[in-house]
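Protein sequence lines correspond, in order, to chains U and V. Quick note: the first sequence, position 115, residue 173 per the working numbering, numbers continuous. Quick note: the second sequence, position 6, residue 64 per the working numbering, numbers continuous.
2 protein chains.
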Amino acid sequence: MTIPRISNRGNNIQESPIRKLAPLANEARSRGIEIYHLNIGQPDLPTPVEFWDAVKSNMSHVLAYGPSNGLLILREAICNYYSRSGISLLPEQIMITTGGSEAVIFAMMAACDPGTEIICFEPFYTNYNGFATLAGVKLVPVTSSVESGFHLPPKDEIISRITDRTRAILICNPNNPTGTILTDNELNTLAEIVIENNLFLLADEVYRDFAFDGRKHSSILEIQDISDRAVVMDSISKRFSSCGARLGNLITRNSSLMSTFMKFGQARLCPPTLSQYGATEMYESLTDDYYTSIVAKYQSRRDLLMQELQNTDGIFFLKPEGAFYATIRLPVDDTDKFASWLLSDFSIDGWTTMVAPAAGFYATPGKGLDEIRIAYVLDEQKMRKALRILKLGLEEYQS
Amino acid sequence: MTIPRISNRGNNIQESPIRKLAPLANEARSRGIEIYHLNIGQPDLPTPVEFWDAVKSNMSHVLAYGPSNGLLILREAICNYYSRSGISLLPEQIMITTGGSEAVIFAMMAACDPGTEIICFEPFYTNYNGFATLAGVKLVPVTSSVESGFHLPPKDEIISRITDRTRAILICNPNNPTGTILTDNELNTLAEIVIENNLFLLADEVYRDFAFDGRKHSSILEIQDISDRAVVMDSISKRFSSCGARLGNLITRNSSLMSTFMKFGQARLCPPTLSQYGATEMYESLTDDYYTSIVAKYQSRRDLLMQELQNTDGIFFLKPEGAFYATIRLPVDDTDKFASWLLSDFSIDGWTTMVAPAAGFYATPGKGLDEIRIAYVLDEQKMRKALRILKLGLEEYQS
Chain U
59 MTIPRISNRG NNIQESPIRK LAPLANEARS RGIEIYHLNI GQPDLPTPVE
109 FWDAVKSNMS HVLAYGPSNG LLILREAICN YYSRSGISLL PEQIMITTGG
159 SEAVIFAMMA ACDPGTEIIC FEPFYTNYNG FATLAGVKLV PVTSSVESGF
209 HLPPKDEIIS RITDRTRAIL ICNPNNPTGT ILTDNELNTL AEIVIENNLF
259 LLADEVYRDF AFDGRKHSSI LEIQDISDRA VVMDSISKRF SSCGARLGNL
309 ITRNSSLMST FMKFGQARLC PPTLSQYGAT EMYESLTDDY YTSIVAKYQS
359 RRDLLMQELQ NTDGIFFLKP EGAFYATIRL PVDDTDKFAS WLLSDFSIDG
409 WTTMVAPAAG FYATPGKGLD EIRIAYVLDE QKMRKALRIL KLGLEEYQS
Chain V
59 MTIPRISNRG NNIQESPIRK LAPLANEARS RGIEIYHLNI GQPDLPTPVE
109 FWDAVKSNMS HVLAYGPSNG LLILREAICN YYSRSGISLL PEQIMITTGG
159 SEAVIFAMMA ACDPGTEIIC FEPFYTNYNG FATLAGVKLV PVTSSVESGF
209 HLPPKDEIIS RITDRTRAIL ICNPNNPTGT ILTDNELNTL AEIVIENNLF
259 LLADEVYRDF AFDGRKHSSI LEIQDISDRA VVMDSISKRF SSCGARLGNL
309 ITRNSSLMST FMKFGQARLC PPTLSQYGAT EMYESLTDDY YTSIVAKYQS
359 RRDLLMQELQ NTDGIFFLKP EGAFYATIRL PVDDTDKFAS WLLSDFSIDG
409 WTTMVAPAAG FYATPGKGLD EIRIAYVLDE QKMRKALRIL KLGLEEYQS
């Protein structure tokens, strides 16, 4: 019997390269092996008690639909949060989304029609591939390299990839998977390019609070002259260790674009109501101390990562500047095989380490085969052990 | 200065016709007028205490990502729920989605590529238009009429709309906005059509528990020979009065299709974690008494609606068989104007009634201009008052 075929986009959309080693991890567990997860950006820090308190005190009679653009109190709280960085926003310039994921999809769909292109810098957050497939948009990669700490290539090189199908440039800053923070010069160059070529600038600033060594992260919302082109995509997942809340937001001062987001939002009714009360309370109540303390935690883990790996033969990376990731070059041909081997053939005292092969973070075939992404979302004691297993594994794998 | 233009899909996607009268409602409120909402399917019944109890007892240290296809305990609970209707499912045949909305989008995107078509029966749930725009799919309407209680037109008429671009037939059963429940004969006819023409059959069965007068709703999951073609889209929003939880699900026995849904799901990471604990507990703990009592409530409201409106001159509709909607023909030329007028120019003792003009539920231009959708989601006392205002308003509007 003939069965109707699945759509091309359904066939073509990638399996998550972050999650695709999961079956090997499950097999390892079934053999009694325990796993240190450096492969996924799931923070281990506690979700602030303010979230749970707000959920408790908003257990209403009826858990109803909220507004399609999110609760006003939450959008006001986000304005207050931004005002602390000197960024002035109105609640109607913010739309609450179901996770940062929906923010990226809506931004792509509003800026682009099927068959058009977005320029992005590889390695990039791998799920952009999936969102682009859903939106029918082609991601055109410009490669950044481990040698330059994954900072942007020269303006000429970026411009050379622009065609008449290009609609936007997409950045992630601070960067997942590299931990790189763009300088004001780099941001200004991007602003010049989008103005000169009449493009949107889409910035995933989910990790904006995570800047190390006293650096200040600059938002594209601070750049003059691009207020009608700039779209920020954000999420509470990492900031407040609330990945399961599924709340993000879209920010733009372009009111036509915001009306378009609103129509997309009306189609899917609203983001989760209960999570929004929790998020509002966290934005309103958590003080600078909270932000300072989480940045300090991730920074000291970053320092530990440098200390443990930087002097290892054949391993190369520059010091990550923010977020909680590093993309690291290893002395192996194919990190997919190495990461699989760590799960299936290697352990120390019943433990092994799981990392994400970096090829899935590149759009250019063959790039990143000798790199891995590490998410430092474990406490220092566990991280030390996880990295020790990684180093010893690497020695044994090479020999 | 040139500004990049918004995508065609962004420009073309409809504003929600259910929500578009909201500005007039806000103005009425600012004049001190209170509003009975018969315009939106937001149940007034309490969210079961089982939901809140489960949320309270799952306030974990870290609100983490869950699996992309949803928590196994929830998928198992849904299997148990279906087994009570004699429908046998495995947890891996169910994927938890962020609301029924995401279920419909994923189903459309997996079945269709941009430029292909889905046949649906108008009037239909208006947000299908938005989902179709996002997916780049054309909805091809087959019209059902108030005279035949919105049951399906003959097989020939349906088949005549099939082209080589058709990929699926989409039904909503029990129906929003009409309250019609398809007979087994109608379902079998649809099954024949999808087999004969090699199509998917997508069924939105969100209201499957709401069948009146002792009727039994039949799911497409019960039809032999279409297990590889049948996709059910469901939601807990109405069943458990939990619209703000944003949880739905996709069900199919076609494992390739489920793998495709899973890849879509991985891109957006996961549905809301906390809501899933609440939903699990409701599926597991609520007994037949719960379902019987909510159906009885909606049925008695349906009876009240019949009693109040059926003998009114110029109003026509047949008795709704399920869900909590009725699509009603009024003796006016343009219900959009009438519904607006009720908000801006009419009130009794400081109250007015808001209804949804039905034109937005049709894809064929000019259809449904003399119809409204009523959602009977108010208690009987309020409904009686709301309908009295509607009737008196109609009299005054006509004179």
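Ideal Cβ placement from N, Cα and C applies to all residues, glycine included.
Enclosing alpha helix (DSSP H) for residue i [first to last residue]
i, result
"N70(V)", "N66 to N70"
"E339(V)", "T331 to S343"
"G306(U)", "Here G306(U) belongs to no alpha helix (DSSP H); instead the beta strand (DSSP E) covers G306 to I309."
"F394(V)", "The sequence as given places Asp at residue 394(V); Phe does not occur at that position. Note, D394(V): alpha helix (DSSP H), T393 to D403."
"T201(V)", "From DSSP, T201(V) is part of no alpha helix (DSSP H) but of the beta strand (DSSP E) over K196 to T201."
"T191(V)", "N185 to A193"
"L210(V)", "Careful: L210(V) lies outside any alpha helix (DSSP H) and carries neither H nor E."
Under 8 Å between C-beta atoms of residue i and residue j
i, j, result
"G424(U)", "P75(U)", "no"
"A381(V)", "F189(U)", "no"
"T338(U)", "L129(U)", "yes"
"L259(V)", "A303(V)", "no"
"T410(U)", "A161(U)", "no"
"E175(V)", "V198(V)", "yes"
"L82(U)", "I432(U)", "no"
"Y94(U)", "I386(U)", "no"
"L500(V)", "S276(V)", "The shown model of chain V, from 59 to 457, leaves out residue 500(V), and the question about it has no answer."
"A249(V)", "I217(V)", "no"
"Y475(V)", "E180(V)", "Missing from the structure shown is residue 475(V); chain V here goes from 59 to 457 and no further."
"L257(V)", "T221(V)", "no"
"T247(V)", "K213(V)", "yes"
Cα-Cα separation between residue i and residue j, rounded to whole angstroms
i, j, result
"G272(V)", "N234(V)", "19 Å"
"G68(U)", "T60(V)", "36 Å"
"G124(V)", "Y335(V)", "11 Å"
"E254(V)", "S143(V)", "28 Å"
"I406(U)", "Y434(U)", "20 Å"
"R219(U)", "C301(V)", "45 Å"
"Q365(V)", "T238(V)", "18 Å"
"L400(V)", "L445(V)", "12 Å"
"G158(U)", "T241(U)", "23 Å"
"N116(U)", "L332(U)", "7 Å"
"K443(V)", "Y349(V)", "27 Å"
"F164(V)", "T370(U)", "46 Å"
"I177(V)", "S141(U)", "49 Å"
Buried versus exposed, by CB contacts within 10 Å (16 or more), residue i
i, result
"Q456(V)", "exposed"
"L450(V)", "exposed"
"A354(V)", "exposed"
"V195(U)", "buried"
"R360(U)", "buried"
"D283(V)", "exposed"
"K321(V)", "buried"
"G306(U)", "buried"
"V204(V)", "buried"
"Q439(V)", "exposed"
"E150(U)", "exposed"
"T422(V)", "exposed"
"L148(U)", "exposed"
Residues near residue i by beta carbon distance below 6 Å, same chain, minus five either side
i, result
"L367(V)", "I373"
"T156(V)", "R304 and P329"
Spatial neighbours of residue i in its chain, beta-carbon cut-off 8 Å, leaving aside the 5 residues before and after
i, result
"L388(U)", "G372, I373, F396, D428, E429, I430 and L452"
"Q72(U)", "T184, N187, G188, T191 and G418"
"G408(V)", "G90, I91 and E92"
"P62(U)", "none"
Limits of the beta strand (DSSP E) - the one that residue i falls within
i, result
"S293(V)", "A288 to S293"
"F412(V)", "Sequence inspection shows Met at residue 412(V); the Phe mentioned does not correspond to that position. Unbroken beta strand (DSSP E) run through M412(V): W409 to M412."
8 Å Cβ cutoff, residue i in contact with chain C
i, result
"M291(U)", "Among the chains of the structure shown, chain C does not appear; the protein chains present are U and V."
Same chain, Cβ closer than 7 Å to residue i, five either side skipped, listed in chain order
i, result
"I352(V)", "L103"
"K114(U)", "none"
"Q100(U)", "C301 and V435"
"C230(V)", "F182, Y183 and D262"
"R297(V)", "D267"
"Y139(V)", "Y341"
"F404(U)", "T410, G451 and E454"
"I98(U)", "I76 and A433"
"M441(U)", "R359, L362 and Y434"
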